[in-house]
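Data first, discussion second: the structure below is written as structure tokens.
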Amino acid sequence: MARNIQSLERAAAMLRLLAGGERRLGLSDIAAALGLAKGTAHGILRTLQAEGFVEQDAASGRYQLGAELLRLGNSYLDVHELRARALVWTDDLARSSGEAVYLGVLHQQGVLIVHHVFRPDDSRQVLEVGAMQPLHSTALGKVLSAYDPVAHSEVTEGERKEFTARTVCDTEDFESLLALTRARGYAADVEETWEGVASVAAPIHDRHRMPVGAVGITGAVERVCRKQEPGEPGDPGELRPELIAAVRDCARAVSRDLGASRF
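Heads up: the sequence shown is residues 1 to 263, going by UniProt numbering.
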């Protein structure tokens, strides 16, 4: 049987102690409550403080929970609320579009898939909840990069890998692409990440008008893009307008359920 790591157990106990009180606690109080030597307690507190999980009051020297712990807690709640609110709408989108539907949120330097509805046919498919997608080339990632300042800084400061000949990696071109995304309210990925695959995604906002995720569909290029007749002018990778409308309607519906009044 695997053994627990004592230092992590002590850190967890320390966070629970700070969460249970209505006042800041001093080093002696924390050490005594947990049965730790002051030096041991101080070392754990310094580590938690460096990670933002604990804050120390400059005047009194006492400790309290830090903002990073609150951010993580809110992120957990937000993701679960987002998924719960999107369940019905993403099922409807999969049925109406005939394609797979993905719900993604910003995580570190990529897009974390938190919900995946299979394409409604008999084909063999693999559940991709928990998978990561790149920010700069996928439709979900470009939506987050366009609307979320944190995602934007992650994608502009990080490396943009060229997955196919159509991947946009140049900084100026990529910024223009994000501006276009904001102007039209959706993002596209036509063979920029995977050959033969196209996607369209739109942003989801909460009651504070903050971008909390993106929803989109993904499928074969010949299904997601408009069939172009020989000699017909226009972009051969043009998305079917009814699919764009369906994705945007789904994003608006989820946003409304999250309290975004504009929708």
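Heads up, the beta-carbon is just placed ideally off N, CA and C, and yes, glycines get one too.
query, result
"Beta-carbon contacts of residue 137 that lie in its chain and below 7 angstroms, excluding the five residues immediately before and after", "163, 167, 189, 192, 193"
"Collapsed DSSP secondary structure at residue 123 in the structure displayed", "coil"
"Top-ranked residue by Cα proximity to residue 105, from 210, 9, 222, 95", "210"
"Whether residue 267 touches residue 135 by CB criterion (8 angstroms)", "Shown here, the chain extends from 1 to 263; a query on residue 267 therefore has no answer."
"Status (buried if at least 16 other CB within 10 Å, exposed otherwise) for residue 247", "buried"
"Buried versus exposed call for residue 217 [16 or more other C-beta atoms within 10 Å across all chains shown]", "buried"
"For residue 132, the residue or residues it bridges with in DSSP", "112"
"Residue 102 - DSSP class collapsed to helix/strand/coil", "strand"
"Exposure of residue 51, with buried meaning 16 or more beta-carbon neighbours within 10 Å", "exposed"
"Check whether residue 200 and residue 82 have beta carbons under 8 angstroms apart", "no"
"Distance between residue 11 and residue 18 (C-alpha atoms, nearest Å)", "11 angstroms"
"One or two residues paired with residue 241 in a DSSP bridge", "According to DSSP, residue 241 bridges with nothing at all."
"Where the beta strand (DSSP E) through residue 28 begins and ends", "Per DSSP, residue 28 belongs to no beta strand (DSSP E); it is in the alpha helix (DSSP H), 27 to 34."
"Extent of the continuous beta strand (DSSP E) run through residue 168", "No beta strand (DSSP E) contains residue 168, which DSSP labels as neither H nor E."
"Residue of 214, 202, 32, 66 minimising C-alpha distance to residue 103", "214"
"Classification of residue 161 by the beta-carbon crowding that lies within 10 angstroms, buried from 16 upward", "exposed"
"Selection from 126, 223, 203, 239 that minimises the alpha carbon distance to residue 260", "203"
"Residue 233 versus residue 226: straight-line alpha-carbon distance, rounded", "Any answer about residue 233 is weak, because its pLDDT of 49 lies below 50 and its placement is not dependable; what the coordinates show is given next. Their backbone Cα atoms lie some 12 angstroms apart in a straight line."
"Validate contact between the region 105 to 119 and the region 57 to 72 using beta carbons, cut 8 angstroms, 3 pairs", "no"
"Rounded C-alpha distance that separates residue 243 from residue 159", "31 angstroms"
"Length of the line joining the Cα atoms of residue 174 and residue 145", "10 angstroms"
"N-terminal and C-terminal residue of the alpha helix (DSSP H) that residue 65 is part of", "It is not in any alpha helix (DSSP H) - residue 65 instead sits in the beta strand (DSSP E) that spans 63 to 65."
"Buried or exposed (CB count within 10 angstroms, at least 16 for buried), residue 148", "buried"
"Cα-Cα separation between residue 57 and residue 8, rounded to whole angstroms", "24 angstroms"
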